[in-house]
Amino acid sequence: MAPSHPGRFPTHAHAHSAATTRNRPPGTASASVIPNGIVHRKRDEFEARISAQGHHSDLVLMTRALNYTRNNIYGSNMTYMGRLRVAEHLGLSNLTASLAEFIRVHDDMSRAFARTYQISMRVQRRATIDILTQIEIRIFHMQNTVFHADIVSTLSGTLLQTMRVAGNFDTEAFALRDLLVDEFARVLTSWDDHSSDGLEDHELENVGPNSDINTLGQDVAAPQTRCETITGSSIYLSTPSSSSTTFTDALMNETDDEYDDEDDDSHRCSICIEQYTTSAHRAFRLMACGHIFGKTCISNWVNSVARNANTCPQCRMVLCPRRPRRPIGVLHGQVLPPRPDQAVLQARLDRITCRFRHLSDVYATLWGATSGNVFYDTCIIELNWRFFTQDLRWQIVPDELFATGLKIRRVNWHA
Numbered sequence: 078m079a080p081s082h083p084g085r086f087p088t089h090a091h092a093h094s095a096a097t098t099r100n101r102p103p104g105t106a107s108a109s110v111i112p113n114g115i116v117h118r119k120r121d122e123f124e125a126r127i128s129a130q131g132h133h134s135d136l137v138l139m140t141r142a143l144n145y146t147r148n149n150i151y152g153s154n155m156t157y158m159g160r161l162r163v164a165e166h167l168g169l170s171n172l173t174a175s176l177a178e179f180i181r182v183h184d185d186m187s188r189a190f191a192r193t194y195q196i197s198m199r200v201q202r203r204a205t206i207d208i209l210t211q212i213e214i215r216i217f218h219m220q221n222t223v224f225h226a227d228i229v230s231t232l233s234g235t236l237l238q239t240m241r242v243a244g245n246f247d248t249e250a251f252a253l254r255d256l257l258v259d260e261f262a263r264v265l266t267s268w269d270d271h272s273s274d275g276l277e278d279h280e281l282e283n284v285g286p287n288s289d290i291n292t293l294g295q296d297v298a299a300p301q302t303r304c305e306t307i308t309g310s311s312i313y314l315s316t317p318s319s320s321s322t323t324f325t326d327a328l329m330n331e332t333d334d335e336y337d338d339e340d341d342d343s344h345r346c347s348i349c350i351e352q353y354t355t356s357a358h359r360a361f362r363l364m365a366c367g368h369i370f371g372k373t374c375i376s377n378w379v380n381s382v383a384r385n386a387n388t389c390p391q392c393r394m395v396l397c398p399r400r401p402r403r404p405i406g407v408l409h410g411q412v413l414p415p416r417p418d419q420a421v422l423q424a425r426l427d428r429i430t431c432r433f434r435h436l437s438d439v440y441a442t443l444w445g446a447t448s449g450n451v452f453y454d455t456c457i458i459e460l461n462w463r464f465f466t467q468d469l470r471w472q473i474v475p476d477e478l479f480a481t482g483l484k485i486r487r488v489n490w491h492a
């Protein structure tokens, strides 16, 4: 068989076409076969034309379809799906100018919706993707799902009502809210760790006057010691509830259950492990918790630069507000530049707060503005509850003076 092109061997498609032609009954039309090279070349040309037109985000394409439906279809005598069926019946070669524009808008919307769905499913299966990136993609897919349902139902709300009843939208919204809360708490925990590490890189000093220890408790009488009096050649024990006995008798009567005052803060200071005296090392009882320390020791502790110096050394109950600290040599009012790691954490916090607002806005597209505001409020409540239960000394409050609409401030939840 002669080759179909000079200098080339016949391809499988050409051989199949020739065999089909020989076996075709007389009077039947010949079927055209398009070589693979032509298909690939046309596809590349089409892709190049699309790229030359510039890339539009999926949100732009969905918004364009929504506006087209609102301005050209809504209120007419034909629904979105009805117009789509008319275009399908006529075929691409017979479309009017308005139907051709409609098909272009519909095709852009369909590709944008399918693309966000595929990406959303893909990121949930990959544990290596950053959690905030995953949340952002899933929020955008939720938004496109609402837009798509509203568009194809010609803004009638029938498909939106079906989504409300199904509950899948709410399940996804609250799942993403919980993921954002988890990430917010994690970042603030890292912030505390980096802040304390950063301060301890410098020698610190307290800001303001020392605390007056007398405002935190009161002196107590030192208990009588167990061995005090020497009479003749014998040592007598003096206790409030026993008669005098010789030191030899005391040793003979001593048992393993004999009281040991080393762990009793009413006899020894648990900071320096020394017994109290009536002068230089007086016993001092804290009003907040009742624990007793040497007055000098507890005063030095409260006025130290330790991070928890405002708490009881034994039970960690807060005794007074913690004075601010600063590196030695820093002038009053001078602010140290933020550490690079803190700048990264701050940027992440801003990103999370923006996602809270975006998620609430998407929630409002299905349930309305009032429900969206309520959802946003529940996000803040859930955040503060998480901080309370994890003893993170932060609080989130709405504040429109901030770009994110939220202010993060320090608070002592258990004071």
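Residue numbers (the working numbering): 78 to 492. Where is the CB? At the ideal position from N, CA and C, for every residue including glycine.
Residue 349 is classed as exposed because its beta carbon has fewer than 16 other beta carbons within 10 Å across all chains shown. Of the candidates 294, 150, 264, 233, 150 places its Cα closest to the Cα of residue 175.
Excluding five sequence positions before and after residue 231, the CB atoms of its chain that fall closer than 7 Å to its own CB belong to 146, 150, 151, 156, 157, given in chain order. Relative to the Cα of residue 369, the nearest Cα in the group 347, 384, 224 belongs to 347.
Judged by DSSP secondary structure, residue 172 falls outside any alpha helix (DSSP H); it is assigned neither H nor E. Between residue 197 and residue 212, the C-beta spacing is not below 8 Å. Judged by their CB atoms, residue 488 and residue 467 are not nearer to each other than the 8 Å cut-off. Taking the Cα positions, residue 285 is about 25 Å away from residue 296.
Judged by DSSP in its simplified three-state form, residue 148 adopts helix. In terms of Cβ geometry, residue 463 and residue 474 do not form a close pair [threshold 8 Å].
When only Cα atoms are considered, residue 153 and residue 209 end up about 42 Å apart. In the structure shown, residue 449 falls within a helical segment according to DSSP collapsed to helix, strand and coil. Note that the C-beta distance between residue 185 and residue 252 is not below 8 Å. The beta-bridge partner set that DSSP reports for residue 471 consists of 487.
Judged by DSSP in its simplified three-state form, residue 296 adopts strand. Distance from residue 237 to residue 226 at the Cβ level is roughly 6 Å; contact confirmed, criterion being Cβ atoms closer than 8 Å.
Between residue 254 and residue 436, the gap from beta carbon to beta carbon is short of 8 Å.
Rounded to whole angstroms, the separation of the alpha carbons of residue 266 and residue 425 is 13 Å. Per DSSP, residue 363 is not a residue of any alpha helix (DSSP H); the beta strand (DSSP E) it occupies stretches across 360-363.
Check the Cα spacing between residue 258 and each of 483, 430, 449: the tightest is with 430.
Around the beta carbon of residue 182, 16 or more other beta carbons lie within 10 angstroms, which makes this residue buried. Residue 216 and residue 439 do touch by the CB rule: their CB atoms are close to 6 Å apart, below 8 Å. Within 10 angstroms of the beta-carbon of residue 137 lie fewer than 16 other beta-carbons, which makes it exposed.
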